[in-house]
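Everything on this sheet refers to the single structure shown next.
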Amino acid sequence: MQALAENAAQVTDLERQHARFVEASKDSNADDEHDPEGATIAFEREQVTALLDRARRSRAALEQALARLDDGRYGVCERCGGPIAPARLEARPEAATCIACAAARR
0 MQALAENAAQ VTDLERQHAR FVEASKDSNA DDEHDPEGAT IAFEREQVTA LLDRARRSRA
60 ALEQALARLD DGRYGVCERC GGPIAPARLE ARPEAATCIA CAAARR
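Okay, here's the thing in structure tokens:
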């Protein structure tokens, strides 16, 4: 699945960025609030951490989609049992619910 390969590359890139920010913050002033550069490093580190968490959640969702594909449940809504529209699956291969059920959850 191409989406899973792209996600794996994204996770690897974000892990490298995160490691660089952690390393850079080791040498910076620990008091980010009063260090003009420290606040930037802390912000960037937190931003990359959030992106990395999101990418990891996306990978988990894609892996769950592959499991549904393996056992014949891919494309079937987990809430109502109806079909998930092909256009939705194309846009979001990890989708586990149809559009109506996804909208009802919000």
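Residue 100 in numbering that gives the first Met the number 0 sits at position 101 of the sequence shown, with consecutive numbering throughout. Think of the CB as a built atom: it goes at the ideal place given N, C-alpha and C, for glycine as much as any other residue. What you are looking at is a predicted structure, and each value in this text was computed from that prediction instead of being measured.
Under 7 Å between C-beta atoms of residue i and residue j
| i | j | result |
| --- | --- | --- |
| Gln9 | Ala54 | yes |
| Leu61 | Glu89 | no |
| Arg87 | Ile98 | yes |
CA nearest to the CA of residue i, picked from the options
| i | options | result |
| --- | --- | --- |
| Ala7 | Cys79, Arg19 and Arg58 | Arg58 |
| Cys79 | Ala64, Ala95, Arg67 and Arg91 | Ala95 |
| Ala2 | Glu43, Gln63 and Ile40 | Gln63 |
| Ser24 | Ala41, Cys76 and Ile83 | Ala41 |
| Asp141 | Val47, Cys76 and Ile98 | Summary: the structure shown does not reach residue 141, with the chain confined to residues 0 through 105, and so no result is reported for it. |
| Ala18 | Ala99, Arg104 and Arg44 | Arg44 |
| Cys100 | Gly81, Arg56, Arg15 and Asp70 | Gly81 |
| Leu51 | Ala84, Arg72, Asp70 and Phe20 | Phe20 |
Residues bridged to residue i (per DSSP)
| i | result |
| --- | --- |
| Pro82 | Val75 |
Contact with chain D by residue i, beta-carbon distance below 7 Å
| i | result |
| --- | --- |
| Asp12 | Here chain D cannot be found, since the structure has a single protein chain. |
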